[in-house]
Structure formats: C-alpha cells, structure tokens
Amino acid sequence: MASTTIRNLDAHTKARLRVRAAHRQRSMEEEARNILRTALAENDSAPRNLAAAIG
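Numbering (this note's numbering), first residue to last: 4 to 58.
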C-alpha cells in the first residue's frame, strides 16, 4: 500500500480527528483512511458534467 503524509494540519483539525477516532475506537490513521475512502466514494457517484447535474 501507498503511504501519504499530511503536513501543516492545524491543531483544531488534528484534535477533531483524534476525538472522532477515539469515539469509533480507531487509530487516527485508520480514521483518516476511512474519511478519505468515504469522501472519495461519494465523489465517484457525483455527475461528471455540471450541465447534467443541473438538469
């Protein structure tokens, strides 16, 4: 698997990630992977053409 480093993450975002991970009994790394996976899966279902999205 690939490795990614996120630099310059502000303290507030890091704290929210830590709390969210703890609530789900996950590591911060696992929670970040889950957030990315979910966000990208939602994006895949979005229309690729703005005119088609507007209807």
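Glycine included, every Cβ here is placed at the ideal spot set by N, Cα and C.
Judging by CA-CA distance, which residue of the options is the nearest neighbour of residue i?
i   : options               : result
S6  : A54, A56 and R36      : R36
R21 : M31, A55, R51 and R27 : M31
Flag this pair as yes or no: are the beta carbons of residue i and residue j separated by less than 8 Å?
i   : j   : result
R40 : E34 : no
Please determine whether the Cβ atom of residue i lies at a distance below 7 Å from any heavy atom of the ligand GTP.
i   : result
A55 : Because no ligand of any kind appears in the structure shown, any question about the ligand GTP cannot be addressed here.
field: Complete runs of the alpha helix (DSSP H) confined to the region 8 to 58 [at least 4 residues]
entry: List check, alpha helix (DSSP H) in window: 14 to 26, 31 to 47 and 53 to 57.
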